[in-house]
């Protein structure tokens, strides 16, 4: 039956293509020398325009979630049906103009694909579309990657957006296209995370001038922006803009792990240049930094520049002054002390203190913290005092922004040997994406951990057992300082083999910790995070329980090796009286960009004493969650 249905559909496409073209006008070309319409429905450009992805059974399904994105009732699951509907609208005078205004990229591509080479002004006759396109006068474009914002769980993966360069005037006025979730301010933080993970928000594209993005990312949130010009022709940029119009108002659901800012940005570029096959590099997990790597692999990245973060610069300058001088700079910037407070300091220290106070006060203004006029008065006073010095800016930033595409790949394959409670086993581990606090640091933000879909299997003799699946782990441990006191936090959703009184059982849990981190000198940080865990498992008396928890860690991160000592304590307050107490030490040594060796030791004291030793070889690969070419 399925074969018969496809036969009728193919025949219908050919007949419709011929008859519609002949009936349209005398100016249209004959279908005699044109490929069959059924081939058009399989054209990669058509599939990209409608966001069709091949499923496991070979059928096609569009990722678009809004019914208004389709002209045919069967359009979501049938490229052929949607093509028929598009051709009918193209050749129907009463529907043609509406088709051009709603779906200009689809309309323009279909006209050209069917051989309509003559002049056409339908798109120019769409007032709202014309007004929108007028905001993007340039034909050069860049992809901009904002590094991770570690104080917000939804931004720990980084963010990408597009900038269209203006042909004249200031580059800061260049318009940008940003695809993001339309969130609800009334949602709690946990509700926000869950909706983001499971597509609970609509995805929308907004446009702002570049200077507004700079203020948000580099000044308010302390994120570096890496900008890469894309090797797209003016015609390809036009295709991208026309398609942005088609999807900008909530056509797709947004989720943090797959159909996110990075994925939708790639789909726009995929429409502009479908032969690049960018989406074939991704499965069910899409991380913004991997989009930059995919574009580099496709030869589409041009000139690179960095817009550095202002708060990161201030943090770096703060490490170069004494704690006493940092306190003085803090008081001066807040207006709690006058500049005369540092009058007795040696000239070099006074210059460094004033420089730090000035740059910190500038960040406070950018973040709209405090009364703006008062802050400007303070900046003026600091500036006048600095002008009296021989060297008003003696301290230079020593840390350059990490280049994201040069970091290790996000996917993971690992094999190891483990000895636990006197029993030896082999461990096999996979991750769709992983960067932990002991992984090679170059290319990544320090003090951040991100893991997505990370199962581990233990093999002992002829028996294999699933030890755990970390569905999502996100962790930030930025150390506090005199000037900044960020919140440290950790979120974990996992199914793991947990210790109970008599033996281990599988349980699924959601844990959230929030606290502080402090520098211990050099590259070492101490974090203390109280929190709670909600756990569901058959070994619990009521199959569910709630535990209070404490997670403390000392972490050393470096370019060639990193190490971490963790202490975890839990006490159930509902559903059980169980206590857990354990410690773990981990060290990882970088052998190459994508290869490292890890050593670990652990000791549990409650609910029973149990030692563990392990060693593993870790190979990182492109971040894929399914087979190449099977995007979902």
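In my numbering, the protein residues as written are 32 to 663. Beta carbons: idealized from backbone N, C-alpha and C, even for Gly. Treat the numbers as computed from the prediction; the structure is a model and nothing was measured.
Can you tell which of the options has its C-alpha closest to the C-alpha of residue i?
| i | options | result |
| --- | --- | --- |
| residue 517 | 270, 342, 301 and 233 | 342 |
| residue 268 | 241, 204 and 193 | 193 |
| residue 542 | 464, 246, 502 and 91 | 502 |
| residue 472 | 191, 349, 594 and 411 | 594 |
| residue 322 | 468, 437 and 453 | 437 |
| residue 576 | 465, 582, 199 and 565 | 565 |
| residue 397 | 134, 244 and 98 | 244 |
| residue 144 | 129, 482, 629 and 118 | 118 |
| residue 469 | 508, 151 and 195 | 508 |
| residue 173 | 195, 83, 154 and 375 | 195 |
| residue 583 | 548, 332 and 563 | 548 |
| residue 199 | 484, 355, 171 and 510 | 171 |
| residue 293 | 277, 312 and 276 | 312 |
| residue 375 | 356, 332 and 409 | 356 |
| residue 209 | 241, 197 and 203 | 241 |
| residue 211 | 277, 530, 130 and 283 | 283 |
| residue 580 | 545, 280 and 530 | 545 |
| residue 331 | 466, 563, 300 and 127 | 300 |
| residue 573 | 551, 604, 553 and 558 | 604 |
| residue 558 | 289, 337, 137 and 598 | 598 |
| residue 532 | 562, 515, 641 and 484 | 641 |
| residue 135 | 352, 302 and 381 | 302 |
| residue 578 | 168, 354 and 610 | 610 |
| residue 263 | 506, 354 and 169 | 169 |
| residue 513 | 152, 344, 358 and 392 | 358 |
| residue 289 | 552, 277, 278 and 316 | 316 |
| residue 639 | 275, 534 and 206 | 534 |
| residue 279 | 152, 207 and 246 | 207 |
| residue 333 | 281, 479, 390 and 175 | 175 |
Once you ignore the five residues that flank residue i on each side, which residues in its own chain have a CB closer than 8 Å to its CB?
| i | result |
| --- | --- |
| residue 140 | 76, 77, 80 and 270 |
| residue 385 | 360, 363, 370, 373, 413, 416, 417, 420 and 423 |
| residue 455 | 448, 449 and 491 |
| residue 108 | 90, 91, 92 and 93 |
| residue 653 | 312, 321, 324, 440, 441 and 442 |
For residue i, which residues from the same chain have a beta carbon less than 6 Å from its beta carbon, with the 5 sequence-adjacent residues on both sides left out?
| i | result |
| --- | --- |
| residue 555 | 587 |
| residue 645 | 447, 449 and 631 |
| residue 571 | 606 and 607 |
| residue 60 | A caution first: residue 60 carries a pLDDT of 36, below 50, which makes its placement in the model unreliable, though a value can still be read off. Counting only Cβ-Cβ distances below 6 Å, and skipping sequence neighbours, we find 146. |
| residue 612 | 600, 636 and 637 |
| residue 504 | 482 and 523 |
| residue 477 | 588 |
| residue 633 | 615 and 643 |
| residue 451 | 643 |
| residue 66 | Here residue 66 scores only 47 on pLDDT, less than 50, and its place in the model should not be relied on; the value that follows carries that caveat. Counting only Cβ-Cβ distances below 6 Å, and skipping sequence neighbours, we find nothing. |
| residue 647 | 445, 447 and 629 |
| residue 498 | 487, 489 and 528 |
| residue 55 | Low confidence applies here, because residue 55 scores a pLDDT of 36, under 50, leaving its location unreliable and the question unanswered by this model. |
| residue 381 | 373 |
Assuming the contact rule is C-beta atoms closer than 8 Å, residue i and residue j should be a hit. Round their C-beta distance to whole Å, please.
| i | j | result |
| --- | --- | --- |
| residue 30 | residue 189 | For the chain, the structure presents residues 32 to 663; residue 30 sits outside this window and is missing. |
| residue 625 | residue 592 | About 16 Å; that fails the 8 Å criterion. |
| residue 257 | residue 377 | Not really, about 39 Å apart at Cβ, beyond 8 Å. |
| residue 600 | residue 560 | Contact doesn't hold; Cβ gap of about 11 Å is too wide. |
| residue 114 | residue 71 | 6 Å |
| residue 164 | residue 239 | The pair is not a contact, with the Cβ atoms about 16 Å apart (cut-off 8 Å). |
| residue 442 | residue 466 | Their Cβ separation, rounded to whole angstroms, is 11 Å, which puts residue 442 and residue 466 out of contact at 8 Å. |
| residue 95 | residue 82 | 5 Å |
| residue 250 | residue 137 | With a Cβ gap of about 39 Å, residue 250 and residue 137 do not count as contacting. |
| residue 127 | residue 120 | 6 Å |
Can you name, in chain order, every residue of its own chain whose Cβ lies under 7 Å from the Cβ of residue i, other than the five neighbours on each side?
| i | result |
| --- | --- |
| residue 132 | 157 and 160 |
| residue 329 | 307 and 309 |
| residue 177 | 189, 190, 248, 254 and 256 |
| residue 291 | 285 and 317 |
| residue 511 | 517, 547, 548 and 549 |
Quick check: is the beta carbon of residue i nearer than 8 Å to any beta carbon in chain D?
| i | result |
| --- | --- |
| residue 146 | Judged by its chain identifiers, the structure shown contains no chain D, having just a single protein chain. |
Quick check: the stretch 533-547 against the stretch 451-468, are at least 3 beta-carbon pairs closer than 8 Å?
no
Every unbroken beta strand (DSSP E) within the stretch 157-214, with a cutoff of 3 residues, ordered by chain
171-177, 190-196 and 206-212
Residue ranges of each beta strand (DSSP E) within the stretch 546-596, 3 or longer
555-568 and 575-587
My parser needs the alpha helix (DSSP H) runs of 4 or more residues fully inside the stretch 272-357; what are they?
292-303, 319-328 and 341-349
Are the stretch 398-406 and the stretch 344-351 in contact at 8 Å, needing three or more beta carbon pairs?
no
Report yes or no: do the stretch 229-246 and the stretch 304-311 share at least 3 C-beta pairs separated by less than 8 Å?
no
Those runs of the beta strand (DSSP E) which lie wholly inside the stretch 431-497 and span at least 3 residues
442-451, 454-462, 464-466 and 479-491
My parser needs the alpha helix (DSSP H) runs of 4 or more residues fully inside the stretch 371-399; what are they?
378-397
Taking the runs of the beta strand (DSSP E) that are 3 residues or longer, which of them lie wholly in the stretch 618-643?
626-637
Contained alpha helix (DSSP H) runs [length at least 4] in the stretch 98-160, N- to C-terminal order
110-121, 124-133 and 135-144
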